[in-house]
Amino acid sequence: HRSSHTASIARDETMRDHGIFAALGPHATDTVSDDLWRRILDVAHDLGGLPLHLHVGQSVAEFEAVASRTEGHTPMSLLADLGVLASELPLLLVHAQYATRDDLDKLDPERHTMCTCPYSHVLFSFPSLVPDWHKRGLPIACGTDAAASNDCMNVQKELRLLAGYNSFATTHSTSNAFFLAMRGAEEARDAAVARAHELHNHRQDMHEQPVTVALREPGNLLRSVLDTPGRMHPHFTAGAIEEGALANLLVWDLEHPNLWPSNDPISALVMCDAVPAIDAMMVAGRWIGKEPEATAVDFRRALTTSVGYRRDRQEADERLACLLERADVRIVGAAGI
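For what it's worth, the working numbering labels the leading residue of the sequence shown as 120, then goes sequentially.
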């Protein structure tokens, strides 16, 4: 019985010491029966309030199946009717493209965390309405989805796309439609310039909206993969450096070319191709791997410690400093997250 395996993991102190914990992952409202949902809630409560990971409103097929079987429920309203949303369990609600505003009104930011998988959603031409989630104060986690719908498990790639979610509105706006409809020389010059300015103003308004600013803020983006999901489980805390949290650490080489210029390390970790700059990794208090043998060639370090690289890096630093001085720009490092 699968629930017995989950219970064994949840109660195994040796597994906990190695950073392995249990959670429950009922797939979706069209693949899990009402009776099984009730059994899942009982198991989760019996094992100390395990979190649930579930897909909800991820496809029109799910929406139609639930509506047909229940005579009118949406996937989210079915979860409310079955007591899942009110269960006091931590819930990770994934995708939710087919969730109405009435559905979202049923959610509690204290218990319910939304999850978007940006590049997977782009592949299916339907990103989640993340800005609306943010406006409602719902915690947001960012994932990669499965390999079947994402050829790359690169977290930075997901965060970079999430940072620009709200900016796509200008491309699909009425202002842009009017601008695209212009007919070149047949349009009066002043009218054409006015439409261009209208489009620019729309872009500027979207760029300065509080939700747009919040979504592109590096600290908020890192929270979506660190402490937001890391605080969902009742038996551990992850994604934070604090007493009692799991000792899961990455050591980054800020001198690595991929992070240059690292004036703002938090922004660099979000926006750069940061993976090659990982210097060391610790999981559950144990270092993973080992230092290279003294006789082995470490090609990465051979590059960053070479005379040519150090010379070129010094020149690049000096050029950057001159450009910033000429532009009267002062870079201030990001506050800690």
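We treat Cβ as the ideally placed atom computed from N, Cα and C, and that holds for glycine.
Between residue i and residue j, what straight-line distance do the alpha-carbon atoms span, to the nearest angstrom?
i, j, result
"D136", "A403", "7 Å"
"V274", "A310", "44 Å"
"A184", "I159", "21 Å"
"S122", "G138", "20 Å"
"F298", "A315", "6 Å"
"P411", "L334", "Confidence at P411 is low in this model, with a pLDDT of 46, below 50, so its placement is unreliable and the value that follows should be read with caution. Spanning the two alpha carbons is a distance of roughly 39 Å."
"V241", "L281", "11 Å"
"P258", "T289", "25 Å"
"D346", "P246", "23 Å"
"M301", "D324", "22 Å"
"P250", "N382", "28 Å"
"I450", "A396", "22 Å"
"E277", "L210", "21 Å"
"P353", "S178", "30 Å"
"D447", "Q433", "21 Å"
"A126", "D436", "55 Å"
"G167", "T424", "51 Å"
"L226", "A142", "20 Å"
"S474", "Y238", "A question about residue 474 goes unanswered here, because the residues of the chain that appear run from 120 up to 456."
"L318", "G338", "30 Å"
"D431", "L208", "54 Å"
"A357", "P384", "20 Å"
"P380", "L439", "9 Å"
"M401", "D154", "41 Å"
"N156", "L201", "Sequence check: residue 156 is Trp here, not Asn. Taking the straight line joining both Cα atoms gives about 8 Å."
"R308", "L248", "37 Å"
"F243", "E190", "28 Å"
"L378", "A359", "22 Å"
"G349", "D222", "25 Å"
"M272", "V426", "34 Å"
Please report the residue range of the beta strand (DSSP E) in which residue i lies.
i, result
"M351", "Premise fails: M351 is in no beta strand (DSSP E) and is neither H nor E."
"D398", "397–402"
"L210", "210–214"
Check for me: the alpha helix (DSSP H) holding residue i runs from which residue to which?
i, result
"W371", "From DSSP, W371 is part of no alpha helix (DSSP H) but of the beta strand (DSSP E) over 368–371."
"L173", "Where L173 is concerned, there is no enclosing alpha helix (DSSP H), although the beta strand (DSSP E) it sits in stretches over 171–175."
"H164", "153–165"
"L442", "426–445"
"I385", "384–390"
"T133", "132–136"
"P194", "194–200"
"G338", "337–342"
"T458", "Because the chain spans 120 through 456 in this model, residue 458 falls outside it and cannot be assessed."
"R449", "Counting along the chain, R449 falls outside any alpha helix (DSSP H), and DSSP gives it neither H nor E."
"R220", "220–223"
Just to confirm, does residue i get its C-beta within under 8 Å of one of the non-hydrogen atoms of the ligand ATP?
i, result
"L373", "Of ligands this structure carries none, so the ligand ATP is not represented either."
Buried or exposed: which applies to residue i, given that a residue is buried once 16 or more other Cβ atoms fall within 10 Å of its Cβ?
i, result
"G144", "exposed"
"S187", "exposed"
"E229", "exposed"
"D163", "Asp is not the amino acid found at residue 163; the sequence shown has Ala there. Per the 10 Å Cβ criterion, buried."
"W406", "exposed"
"T133", "exposed"
"M233", "buried"
"A205", "exposed"
"T235", "buried"
"F182", "buried"
"V312", "exposed"
"A129", "buried"
"A393", "buried"
"S343", "buried"
"N320", "exposed"
Inspect the CB distances between the region 254–265 and the region 365–378 and report whether three or more fall short of 8 Å.
no
Could I get the ranges of all uninterrupted beta strand (DSSP E) runs contained in the region 232–307, with 3 residues as the minimum, in chain order?
259–261
Contact the region 169–180 vs the region 141–155: 3+ CB pairs below 8 Å
yes
Decide yes or no for the touch test of the region 204–222 against the region 182–196: beta carbon pairs closer than 8 Å, at least 3 of them.
yes
Segment contact, 8 Å Cβ cut-off, at least three pairs: the region 247–260 with the region 323–335
yes
Indicate whether the contact test is met: 3 or more Cβ pairs, each with one atom in the region 286–301 and one in the region 389–401, closer than 8 Å.
no
Touching or not, the region 374–385 and the region 356–366, by the rule of three or more beta carbon pairs under 8 Å?
no
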